[in-house]
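Chemist:
2 protein chains.
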Amino acid sequence: MVERFELYGYWRSSAAYRVRIALNLKGLEYEQVPVHLARDGGEQHRPQFHEISPQAQVPVLRHGARLIRQSMAIIEYLDEVHPAPPLLPAVSRDRARVRALAMVVACDIHPLNNLRVTRYLERELGANEAQRLAWMQHWMALGLEGLEAQVADHPSTGDFCEGEAPTMADCCLVPQLYNARRYGMDLTAWPTLLRIEANCMALGAFQDAAPEAQPDAP
Amino acid sequence: MVERFELYGYWRSSAAYRVRIALNLKGLEYEQVPVHLARDGGEQHRPQFHEISPQAQVPVLRHGARLIRQSMAIIEYLDEVHPAPPLLPAVSRDRARVRALAMVVACDIHPLNNLRVTRYLERELGANEAQRLAWMQHWMALGLEGLEAQVADHPSTGDFCEGEAPTMADCCLVPQLYNARRYGMDLTAWPTLLRIEANCMALGAFQDAAPEAQPDAP
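Protein chains in written order, with the UniProt record's numbering: chain F, 1 to 218; chain E, 1 to 218.
(1) Along the alpha helix (DSSP H) that carries F49 of chain E, what are the first and last residues, could you check?
(2) Comparing C-alpha positions only, which one of E:A198, E:M185 and E:L28 sits nearest to V81 of chain E?
(3) So is Y120 of chain F in contact with chain E if we call contact Cβ pairs under 9 Å?
(4) Say whether chain F places a C-beta atom closer than 9 Å to the C-beta of C107 of chain E.
(5) Could you tell me the alpha carbon to alpha carbon distance between I21 of chain F and R12 of chain F, rounded to whole angstroms?
(6) Is the CB of A68 of chain F under 9 Å away from at least one CB in chain E?
(7) Could you pull the DSSP bridge partners for E76 of chain F from this structure?
(8) Take every Cβ of the segment 142-158 of chain F, pair it with every Cβ of the segment 42-58 of chain E, and state whether three or more of those distances are shorter than 8 Å.
(9) The beta strand (DSSP E) that contains P191 of chain E, what's its start and end?
(10) Can you confirm whether the segment 4-18 of chain E touches the segment 180-200 of chain F when touching is taken to mean that 3 or more C-beta pairs between the two stretches lie within less than 8 Å?
(11) What are the boundary residues of the beta strand (DSSP E) that P21 of chain F is part of?
(12) Compare the beta carbon distance of D108 of chain F and W139 of chain F with 9 Å and say whether it is the shorter of the two.
(13) Would you kindly check if the distance between the Cβ of Q32 of chain F and the Cβ of G9 of chain F is under 9 Å?
(14) Mind pulling the chain E residues with CB within less than 9 Å of L37 of chain F?
(15) Using a Cβ-Cβ cutoff of less than 6 Å, which residues in the same chain neighbour T192 of chain F once the five nearest sequence positions on both sides are dropped?
(16) Given a threshold of 16 other Cβ atoms within 10 Å of its Cβ, counted over all protein chains shown, does A202 of chain F qualify as buried or as exposed?
(17) Mind checking who F206 of chain F pairs with in its DSSP beta bridge?
(18) Pull up the distance between the alpha-carbon of C161 of chain F and that of Q131 of chain F, whole angstroms please.
(19) Using a cut-off of 9 Å between C-beta atoms, extract the partners of H138 of chain F located in chain E.
(20) Assuming S37 of chain E and V58 of chain E form a contact by the criterion Cβ under 8 Å, report the distance between their Cβ atoms to the nearest whole angstrom.
(21) Using a C-beta cutoff of 9 Å, does G42 of chain F count as contacting chain E?
(22) With respect to the beta strand (DSSP E) encompassing P34 of chain F, which residues constitute its N-terminal and C-terminal limits?
(23) Which chain E residues sit within Cβ distance under 9 Å of M103 of chain F?
(24) Leaving out five residues before and five after I68 of chain F in sequence, what residues of the same chain have Cβ atoms less than 6 Å from its Cβ?
(25) What does the alpha-carbon distance come out to for the pair F49 of chain E and G204 of chain F?
(26) Cβ of P111 of chain F less than 9 Å from any chain E Cβ?
(27) Just to make sure I have the definition right: I need the residues of chain F whose C-beta is within less than 7 Å of the C-beta of P54 of chain E. Which are they?
(28) For H110 of chain F, which of helix, strand or coil comes out of DSSP?
(29) Determine, for G9 of chain E, whether the minimum Cβ-Cβ distance to residues of chain F falls below 9 Å.
(30) Quick one, are the C-beta atoms of P89 of chain F and G42 of chain F less than 9 Å apart?
(31) On a Cα-Cα basis, can you pick out the residue from E:P111, E:R66 and E:V98 that is closest to Q176 of chain E?
(32) Considering only DSSP beta bridges, list what R39 of chain E is partnered with.
(33) Measure the Cβ-Cβ separation of residue 221 of chain F and N179 of chain F and say whether it is below 9 Å.
(34) Per DSSP, what kind of secondary structure is R69 of chain E in: helix, strand or coil?
(35) Could you confirm whether any beta carbon from chain E is found closer than 9 Å to the beta carbon of residue 219 of chain F?
Okay, here's the thing in structure tokens:
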């Protein structure tokens, strides 16, 4: 039986982008089901998507009959069912470091930068465009500063966030830097992150996962 | 050699509360190092805490010479180095479900409700007290609704979020419901969550982790 993966995603969703990188690093074939996210009337709110995601969120991975939600849970799942190449190191203390770096993006930055959040700021708190941009940049800068502090000069950091092969942390870092550029940020304050990003972007798995390379990109 | 765990936390931090539950469920002894979080001049911003957490966040677990940051990474770590009793199920698809439920709290709710976030709303966007309360309740309601939808009538749900023993998902759920009550929310719309919470709170591991039971509680 051919293994079948379907990824409900959106070209510019940075959480979907993480999962695309992970699937590509594992060399797994998958079909994309684009869900067009939009400020108003986006496809994520359609009734037929509710069963896929009761929270109207991408990504969701369908593996056979099983739906897996939440990008970090999806990546852990892929690493368990397809262990090679690994996206987490072999030793628990190193695995903890990789997960903690990934969580800086997944818990400390990205949830604050979601579309639904800036929309709330605009609608409920009257935030104008400049204030919304400042909001985006504020949380990204704080988080990226924290990430840089944890990878610069750390003995475990190599060509990638942890050692000499990409891990879950790199799957999160690259989409986050993409998003930071999209919002006009100057990234030169974080040279280690930029060095790691360049090493990632030399790999086909990362290139093929880029937003502009997706079928639903305009 | 006696194994030594130190937990940098704060009695009311819901991320620290998650880790206390996990340590208690594992039956691990640990020393608490309270970090008094505050809106202004909190101990998390002191220079001596910077090395512990460059992001000025709790919890951080010290295990021997190793610092582990980020509550979800800490719980995964504990589950790897002390596998019994497990905080994740044995089968990957069930593990993915537990992680995804935990991430609803850890990624979709809690990051938006952090002290630093409401402080930003107040300072930079002029949000008044009623607006800050509405913000807190909005994200909690959305996330808890999503959680309820994913546990109610799901065949894997048992006395706990997954099956008949507490997992990482319950470690996240209970502190989140505590926090929701703190902000005056009516939780009756989510009966499955309340049923699971009651089962958790019947256990000493959860009772002993409660904010009011901590040495730094006022």
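Here a beta-carbon is modelled for each residue, glycine too, at the ideal position from N, C-alpha and C.
Modeler: Quick look at the numbers:
(1) Working through the second sequence from its first residue, we reach residue 49 of chain E at position 49. From DSSP, the alpha helix (DSSP H) with F49 of chain E extends over P47 to H50.
(2) On the second sequence, position 81 is the one that residue 81 of chain E refers to. Out of E:A198, E:M185 and E:L28, the CA that lies nearest to the CA of V81 of chain E is found in E:L28.
(3) The residue labelled residue 120 of chain F in the question sits at position 120 within the first sequence. Chain E, which has a Cβ nearer than 9 Å to the Cβ of Y120 of chain F, makes this yes.
(4) Mapped onto the second sequence, residue 107 of chain E falls at position 107. Yes, C107 of chain E counts as interfacial toward chain F.
(5) Here residue 21 of chain F refers to the residue found at position 21 of the first sequence. Here residue 12 of chain F refers to the residue found at position 12 of the first sequence. Cα to Cα, I21 of chain F sits roughly 13 Å from R12 of chain F.
(6) Taking the first residue of the first sequence as position 1, residue 68 of chain F is located at position 68. Reading the sequence as shown, one finds Ile at residue 68 of chain F and not Ala. Judged by the 9 Å Cβ criterion, I68 of chain F is in contact with chain E.
(7) Against the first sequence, residue 76 of chain F aligns to sequence position 76. E76 of chain F is not bridged to any residue.
(8) yes
(9) Within the second sequence, residue 191 of chain E is the residue found at index 191, counting from 1. Run containing P191 of chain E: none in the beta strand (DSSP E); it sits in the alpha helix (DSSP H), P191 to M201.
(10) Short answer: they don't touch.
(11) As a working note, residue 21 of chain F is residue 21 in the first sequence. For the sequence presented, residue 21 of chain F should be read as Ile rather than Pro. Element bounds for I21 of chain F: not the beta strand (DSSP E) but the alpha helix (DSSP H), S14 to K26.
(12) What you label residue 108 of chain F is simply residue 108 of the first sequence in a count that begins at 1. What you label residue 139 of chain F is simply residue 139 of the first sequence in a count that begins at 1. A Cβ-Cβ contact shorter than 9 Å links D108 of chain F with W139 of chain F.
(13) The residue you call residue 9 of chain F lines up with position 9 of the first sequence. The residue you call residue 32 of chain F lines up with position 32 of the first sequence. In contact: G9 of chain F and Q32 of chain F (Cβ atoms closer than 9 Å).
(14) Start at 1 with the first residue of the first sequence, and residue 37 of chain F comes out as number 37. Those do not exist, as L37 of chain F stays about 15 Å from chain E at its closest Cβ, beyond 9 Å.
(15) Locating residue 192 of chain F in the first sequence gives position 192, where the first residue counts as 1. Here the set comprises E148, V151 and A152.
(16) By 1-based counting over the first sequence, the position of residue 202 of chain F is 202. Flag for A202 of chain F reads exposed.
(17) Counting from 1 along the first sequence, the entry for residue 206 of chain F is found at position 206. Answer by DSSP bridge pairing: none, since F206 of chain F is not bridged.
(18) The residue labelled residue 161 of chain F in the question sits at position 161 within the first sequence. The residue labelled residue 131 of chain F in the question sits at position 131 within the first sequence. Distance between the alpha carbons of C161 of chain F and Q131 of chain F: 32 Å.
(19) For this step, residue 138 of chain F is matched to residue 138 along the first sequence. Those within 9 Å of H138 of chain F in chain E are Y120 and E124.
(20) Start at 1 with the first residue of the second sequence, and residue 37 of chain E comes out as number 37. Start at 1 with the first residue of the second sequence, and residue 58 of chain E comes out as number 58. In the sequence on display, residue 37 of chain E carries Leu and not Ser. That pair is a contact at about 7 Å.
(21) Here residue 42 of chain F is taken as the residue at index 42 of the first sequence, counted from 1. It does not: the Cβ of G42 of chain F has no partner Cβ on chain E nearer than 9 Å.
(22) Along the first sequence, read from residue 1 onward, the residue named residue 34 of chain F stands at position 34. Residues E31 to P34.
(23) In the first sequence, the residue the question calls residue 103 of chain F occupies position 103. Within 9 Å Cβ-Cβ: R69, Q70, S71, M72, A73, A106 and C107.
(24) Counting from one through the first sequence, the residue named residue 68 of chain F turns up at place 68. L61, I74 and Y77.
(25) Looking up residue 49 of chain E in the second sequence gives position 49. Looking up residue 204 of chain F in the first sequence gives position 204. Near 40 Å, if we compare the C-alpha coordinates of G204 of chain F and F49 of chain E.
(26) Taking the first sequence and counting its residues from 1, one reaches residue 111 of chain F at position 111. So, interface residue.
(27) For the purposes of this step, residue 54 of chain E is taken as residue 54 along the second sequence, with counting starting at 1. Within 7 Å Cβ-Cβ: G146, A149 and Q150.
(28) Here the question's residue 110 of chain F lines up with position 110 in the first sequence. If DSSP states are grouped into helix, strand and coil, H110 of chain F belongs with the helices.
(29) For the purposes of this step, residue 9 of chain E is taken as the residue at position 9 of the second sequence. Chain F contact via Cβ: absent.
(30) As a first step, residue 89 of chain F must be located in the first sequence, where it is residue number 89. As a first step, residue 42 of chain F must be located in the first sequence, where it is residue number 42. Cβ atoms of P89 of chain F and G42 of chain F: not closer than 9 Å.
(31) Walking along the second sequence from the start, residue 176 of chain E turns up at place 176. Shortest Cα-Cα distance from Q176 of chain E to any of E:P111, E:R66 and E:V98 involves E:P111.
(32) Indexing the second sequence from 1 puts residue 39 of chain E at position 39. DSSP output for R39 of chain E lists no bridge partner at all.
(33) With chain F covering 1 to 218 only, the question about residue 221 of chain F has no answer from this structure.
(34) Counted from its first residue, the second sequence places residue 69 of chain E at position 69. If DSSP states are grouped into helix, strand and coil, R69 of chain E belongs with the strands.
(35) There is simply no residue 219 of chain F to check, as chain F begins at 1 and stops at 218 in what is shown.
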